[in-house]
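>
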Amino acid sequence: MRRMYKVVVPGDFISDKENRAGEGTYVEEGKVYALCYGIVEEREEIKVVALSGKYVPSKGDVVIGRIVEISYPYWIVDIASPYEARLHISECGGGAEKLDFGSMSRFLDVEDFIVAKVIQVNVLMRIDLALKEEFKRGSGGRLVEIPHTKVPRVIGRNGSMIKMLKEKCNCFIFIAKNGRILIRGREADMNLASMVILKIADEAHTSGLTDRVANFLDSFSRDDEEK
Amino acid sequence: MNEGKGEEVELIKDGKRLDGRGFEEFRPLKIEVGVLKRADGSCYLELGDNKVIAAVYGPREMHPRHAQDAKMAVVKYRYNMAPFSVDDRKRPGPDRRSVEISKVSREALDPVIIKEYYPKMAIEVYVEMLQSDAGTRTAGINAASVALADAGIPMTDLVSSIAVGKIGGEVVLDLNAVEDNYGEADMPIAMIARTNTITALQMDGRMTKDEFERGLKLAMGACQQIYALQRAALIERYSKSKEGEE
Amino acid sequence: MGLEIIGDLRKDYTCNLIRNGQRVEGRGFREYREIRVERDVIKRAEGSARVKIGDTEVLVGIKLDTGEPFADSPDTGVIITNAELVPLASPEFESGPPNEDSVQLARVVDRGIRGSEAIDLEKLCIEEGEKVWIVFIDIHVLDDDGNLVDAAALGAIASLMNIRIPNERYGLTGDDTLPMRETPVAVTMVEVEGKILVDPNFYEESAATSRLTVISNADGSLSGMQKSGCGGLKEAEIAEMVEIGIEKAGELRETYLPPL
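Top line first, the protein sequences correspond to chains A, B and C.
Numbering of the first sequence is given in the numbering used here, commencing with residue 4 and proceeding in unit increments.
Numbering of the second sequence is given in the numbering used here, commencing with residue -9 and proceeding in unit increments.
Numbering of the third sequence is given in the numbering used here, commencing with residue 1448 and proceeding in unit increments.
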């Protein structure tokens, strides 16, 4: 089933159903209006999905972060947001809570990447993380960064796009909410996956994308076979 | 306003303005969205012979730190004219006129921005006049509005802007440089089209109360049309229908 | 930090009063605070005035100097208006180059004078294309309790109304006086809690999101307008403010700018 999505600008009237107003909208005198430049999504909630904008974390998001500073008992983490996050030594498991200042860098050092869950965002925008996994340098894999607004497109409806990517590129692919994507596989496969992901992000707003991507990937595997 | 009117210029001949426009016509408006790679949002706009480019950076960390607001973002606006944008080269750097225009423009856009979404951050708007032919601040506000939307900044509305003036005793829309120089009054406004709320208003020169009221109505009507053009430019940018999956 | 908290409480108190149709010290919504205008207070200036509106105090001094005219108007004098929000006037003012508030203040006052053509600039020509009088209007804010614009504008006109052209100091002959053709008066109003207030004090200014200054002449024509603040105004509100502005300007002009 093909559906047409509507592009809206701030202030556009969307609906009278004020009780269903969701993210990206505001209500004034019983009417729902668009709060940002984006695409209207009307399911149970009426939402406007922004086409651009910076990533601001919410509780529960899983993100890929990069350690930028050690400030006992926290690591300060860059999460591709205007706001920095912090990871407390007690939120890492594996005995990390016993670390002291000197030994923190042996557990996680500046420039290391981590996968973490956002456990708290308070009113002053203090963001607390809990570690899920760390990726030490040299453990293989590649990190690709796309605008966080394109993440849903790379995942696809019901995960269809990412499923296809994993299969056809033969890679492990993990997409974090903040637009950072971890890819693991053979060099050539990772190159292909990176290229395709960047292409999807560039053309996220166009139609027929899934088919185009599928064809593109097929043409690569055909080349492989012919060798 | 020209102080020493050594030579009077006839600004209205046979009921038409020197560039052939009617009294209620604004100059041709061209809007392009997302023209800069590095900025978070951008817009290139032409209003007659005015050429302006607006860029938005943000939200991003606010400096200086002591000026941060713990509860909301701070909006900054810098209007600047390129040295080659005017007949007599303008020395680089802010002058008093640019400082005032920056303040008035920022106050025109601030009311629609939901600053509470980004505590402690700065939302920075940079407007550069590349070529100037009067009405530059209105062109700047129109471009800035579109650039803010392009950057994904949450806003209740777009803001639209135009000037009215008085030339040869007549109230007319959107003065060009000659009309501004030899005319009797110039009144730029900015407005939220959806609610007819005015967020900027300045008047320079001399007008009767009646002329002012007529001019205001004329400008407000033009802002509605400009809003439609801003909106169209943004929608057209993603005009290929985004069709659903499966 | 302490001052900020107190400030907020006063702002709330002010808003509460307004919601109940009142203002501090029982002032009416259309009423100005007590105004005092003293002319010729600075001997060394060619014109001067000290204006107090309530606790707001502004000193305006006029200095004249000779100089070259602008190329595009060789037979007219020049007006240069400047405002200084000196640090002693408010805990919020810092020393340094003019900030956007002082620039706006100067330019709005200047706009009113220029738009009304109050000064016949051709009378300031000494030698066409070579030498003209430059009139420096310097606004020195001494105490900011709100509504600097009206005080500064009133001070500027009061100072200009009897400037002495210092011909002898420059070895020139000519008229010593410069009669004004118009007396533009600025009236500033704010909108708080849906009500229009004339002559806002400091807390009313902080509480307001929009401020409108209307500058008008004796014949009811307008020669300047400036909306400031991060709010919006409806057409009807603006129309009402313009009416009030013209009316109050007439009252101020009659009382504080009588012809000498």
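In this text, a Cβ means the ideal position worked out from N, Cα and C, and glycines have one as well.
1) If we define contact as Cβ-Cβ less than 8 angstroms, is Lys1578/C a contact residue for chain B?
2) For Gln123/A, report the span of its beta strand (DSSP E) as first-last.
3) May I ask you to report which of helix, strand or coil DSSP gives Ala141/B?
4) Just how far apart, CA to CA, sit Ile1560/C and Ile79/A?
5) For Leu1589/C and Ala1536/C, which I take to be in contact (beta-carbon distance under 8 angstroms), what is that distance rounded to the nearest angstrom?
6) Which residues, in chain order, does the region 1663 to 1690 of chain C contribute to contact with chain B at a C-beta distance below 7 angstroms?
7) Within the same chain, show all residues whose beta-carbon is closer than 6 angstroms to that of Leu1601/C, passing over the 5 residues directly before and after it, in chain order.
8) Please decide whether Arg1558/C counts as near chain B, where near means a Cβ-Cβ distance under 8 angstroms.
9) Residues of chain C with a CB under 8 angstroms from the CB of Ile188/B: which are they?
10) Taking beta-carbon pairs under 9 angstroms, can you tell me which members of the region 28 to 50 of chain B lie near chain A?
11) With 8 angstroms as the C-beta to C-beta threshold (strictly closer), list the residues of the region 123 to 143 of chain B near chain A in chain order.
12) Which ranges would you report for the beta strand (DSSP E) in the region 8 to 61 of chain B if only whole runs of at least 3 residues count?
13) Can you name, in chain order, every residue of its own chain whose Cβ lies under 6 angstroms from the Cβ of Met1608/C, other than the five neighbours on each side?
14) Spatial neighbours of Asp137/A within its chain, please: C-beta separation below 8 angstroms, excluding the five flanking residues on both sides.
15) Is Ala222/B helix, strand or coil when you go by DSSP?
16) For chain B, find out if any of its Cβ atoms is closer than 8 angstroms to the Cβ of Glu1547/C; answer yes or no.
17) Could you tell me the distance, in whole angstroms, from the CA atom of Thr1520/C to the CA atom of Asp77/B?
18) Between Lys135/A and the rest of its own chain, which residues show a CB-CB distance below 8 angstroms, the 5 nearest in sequence each way excluded?
19) Can you tell me which of Tyr58/A, Ile73/A, Glu72/A puts its alpha carbon nearest to the alpha carbon of Tyr86/A?
20) Can you tell me which of Ser151/B, Ile216/B, Ile43/B, Arg196/B puts its alpha carbon nearest to the alpha carbon of Glu160/B?
21) Rounded to a whole number of angstroms, what is the C-alpha to C-alpha distance between Ile91/B and Gly56/A?
22) My output table needs one value for Glu1551/C: the three-state DSSP class, helix, strand or coil.
23) For Ala1654/C, collect the residues of the same chain with a Cβ closer than 6 angstroms to its Cβ; drop the 5 residues on either side in sequence, then sort them by chain order.
24) I'd like to know if Phe202/B contacts chain C, where contact means its C-beta is closer than 8 angstroms to some C-beta of that chain.
25) Near Leu1571/C, what residues of its chain come up, given a Cβ to Cβ distance below 6 angstroms and the 5 sequence neighbours on each side ignored?
26) Quick one, which residues of the region 176 to 209 of chain A are near chain B if we go by CB-CB under 7 angstroms, in chain order?
27) Comparing the C-beta of Asp147/B with each C-beta of chain A, is any distance below 8 angstroms?
28) Closer than 8 angstroms by beta-carbon distance: list the chain A residues that pair up with Ala60/B, in chain order.
29) Would the beta-carbon of Ala242/B fall within 8 angstroms of that of Ala44/B?
30) Within 8 angstroms (strictly less), CB to CB, does Val12/A reach chain B?
31) List, in chain order, every chain C residue whose beta-carbon is nearer than 7 angstroms to that of Val237/B.
32) Between the region 99 to 119 of chain A and chain B, which residues of the former have CB atoms less than 7 angstroms from a CB of the latter, in chain order?
33) Excluding the 5 residues preceding and the 5 following Val12/A in the sequence, name in chain order all residues of the same chain whose CB lies nearer than 7 angstroms to its CB.
34) Below 8 angstroms on C-beta distance, what does Leu120/B contact in chain C?
35) Can we count Lys66/B as close to the ligand FMN, meaning its CB is less than 7 angstroms from some heavy atom?
36) Between which residues of its own chain and Ser1606/C is the CB-CB distance below 8 angstroms, once the five residues before and five after are set aside?
Reading from the atomic positions:
1) By 1-based counting over the third sequence, the position of residue 1578/C is 131. By this cut-off, Lys1578/C is not an interface position.
2) Your numbering for residue 123/A matches position 120 in the first sequence. That run of the beta strand (DSSP E) goes 116 to 124.
3) The residue labelled residue 141/B in the question sits at position 151 within the second sequence. The answer is coil: DSSP assigns Ala141/B none of H, G, I, E or B.
4) Locating residue 1560/C in the third sequence gives position 113, counting from the first residue. Locating residue 79/A in the first sequence gives position 76, counting from the first residue. Spanning the two alpha carbons is a distance of roughly 57 angstroms.
5) Position 142 of the third sequence holds residue 1589/C. Position 89 of the third sequence holds residue 1536/C. That belief holds up - the Cβ atoms of Leu1589/C and Ala1536/C are roughly 5 angstroms apart, short of 8 angstroms.
6) Residues Gly1667, Ser1668, Leu1669, Ser1670, Gly1671, Met1672, Gln1673, Lys1674, Ser1675, Gly1676, Cys1677, Gly1678, Gly1679, Leu1680, Lys1681, Glu1682, Ile1685, Ala1686, Val1689.
7) Your numbering for residue 1601/C matches position 154 in the third sequence. Beyond the five residues adjoining it in sequence on each side, Leu1601/C comes within less than 6 angstroms, by CB distance, of Val1498 in the same chain, given in chain order.
8) In the third sequence, residue 1558/C corresponds to position 111, counting from 1. Answer yes: the Cβ-Cβ gap between Arg1558/C and chain B drops below 8 angstroms somewhere.
9) Along the second sequence, one-based indexing puts residue 188/B at 198. For Ile188/B, the chain C residues whose C-beta falls within less than 8 angstroms of its own C-beta are Lys1674, Gly1679, Leu1680, Lys1681, Glu1682, Ile1685, listed in chain order.
10) Residues of the region 28 to 50 of chain B with a C-beta atom less than 9 angstroms from some C-beta of chain A are Asp30, Gly31, Gly48, Pro49, Arg50, listed in chain order.
11) The residues in question are Ala139, Asp140, Ala141, Gly142, Ile143.
12) You should have 19 to 23, 31 to 37, 40 to 51.
13) Your numbering for residue 1608/C matches position 161 in the third sequence. The beta carbon of Met1608/C is closer than 6 angstroms to those of Met1627 in its chain, skipping five residues each way along the sequence.
14) Numbered from 1 along the first sequence, position 134 holds the residue referred to as residue 137/A. The displayed chain sequence assigns Glu, not Asp, to residue 137/A. Spatial neighbours of Glu137/A in its own chain (CB-CB distance under 8 angstroms, excluding positions within 5 residues in sequence) are listed in chain order as Leu111, Asp115, Phe116, Ile117, Val118.
15) Within the second sequence, the letter at position 232 stands for residue 222/B. The DSSP-derived three-state label of Ala222/B is helix.
16) By one-based count along the third sequence, residue 1547/C stands at place 100. With a threshold of 8 angstroms between beta carbons, Glu1547/C makes contact with chain B.
17) Counting from one through the third sequence, the residue named residue 1520/C turns up at place 73. Counting from one through the second sequence, the residue named residue 77/B turns up at place 87. It should be noted that the sequence gives Ser, not Thr, for residue 1520/C. Rounded to the nearest angstrom, the two C-alpha atoms are 16 angstroms apart.
18) As a first step, residue 135/A must be located in the first sequence, where it is residue number 132. Only Val65, Ile117, Val118, Ala119, Lys120 meet the Cβ criterion.
19) By 1-based counting over the first sequence, the position of residue 86/A is 83. Of the listed residues, the one whose Cα sits closest to Tyr86/A is Tyr58/A.
20) On the second sequence, position 170 is the one that residue 160/B refers to. Here the closest residue by C-alpha is Arg196/B.
21) On the second sequence, position 101 is the one that residue 91/B refers to. On the first sequence, position 53 is the one that residue 56/A refers to. Take the alpha-carbon of Ile91/B and the one of Gly56/A: they are about 27 angstroms apart.
22) As a first step, residue 1551/C must be located in the third sequence, where it is residue number 104. The sequence given here places Gln at residue 1551/C; Glu does not occur at that position. Residue state, collapsed to three classes: helix.
23) Within the third sequence, numbered from 1, the residue matching residue 1654/C stands at position 207. Within its own chain, the residues whose Cβ lies closer than 6 angstroms to the Cβ of Ala1654/C, once the five positions on either side in sequence are excluded, are Lys1458, Thr1461, Cys1462, Val1639, listed in chain order.
24) Residue mapping note: residue 202/B aligns to position 212 of the second sequence, counting from 1. Yes, Phe202/B lies at the interface with chain C (some Cβ there is under 8 angstroms from its Cβ).
25) Against the third sequence, residue 1571/C aligns to sequence position 124. These residues qualify, in order along the chain: Gly1524, Val1579, Trp1580.
26) Within the region 176 to 209 of chain A, the qualifying residues are His208, Thr209.
27) As a working note, residue 147/B is residue 157 in the second sequence. Using a CB distance cut-off of 8 angstroms, Asp147/B counts as an interface residue toward chain A.
28) In the second sequence, the residue the question calls residue 60/B occupies position 70. Those within 8 angstroms of Ala60/B in chain A are Leu127.
29) The structure shown does not extend to residue 242/B, since chain B is modelled only from -9 to 236, so the question has no answer here.
30) Counted from its first residue, the first sequence places residue 12/A at position 9. Answer yes: the Cβ-Cβ gap between Val12/A and chain B drops below 8 angstroms somewhere.
31) Examination of residue 237/B is not possible in this model, given that chain B is present from -9 through 236 alone.
32) Going along the region 99 to 119 of chain A in chain order, one finds no residue with a Cβ nearer than 7 angstroms to chain B.
33) Counted from its first residue, the first sequence places residue 12/A at position 9. Ala37, Tyr40.
34) Here residue 120/B refers to the residue found at position 130 of the second sequence. Those do not exist, as Leu120/B stays about 23 angstroms from chain C at its closest Cβ, beyond 8 angstroms.
35) This structure lacks the ligand FMN, and indeed carries no ligand of any kind.
36) Working through the third sequence from its first residue, we reach residue 1606/C at position 159. In the same chain as Ser1606/C, and ignoring 5 residues on each side of it, the C-beta atoms closer than 8 angstroms to its own belong to Arg1486, Ala1492, Gly1494, Ser1495, Ala1496, Val1507, Gly1508, Ile1509, Ile1584, in chain order.
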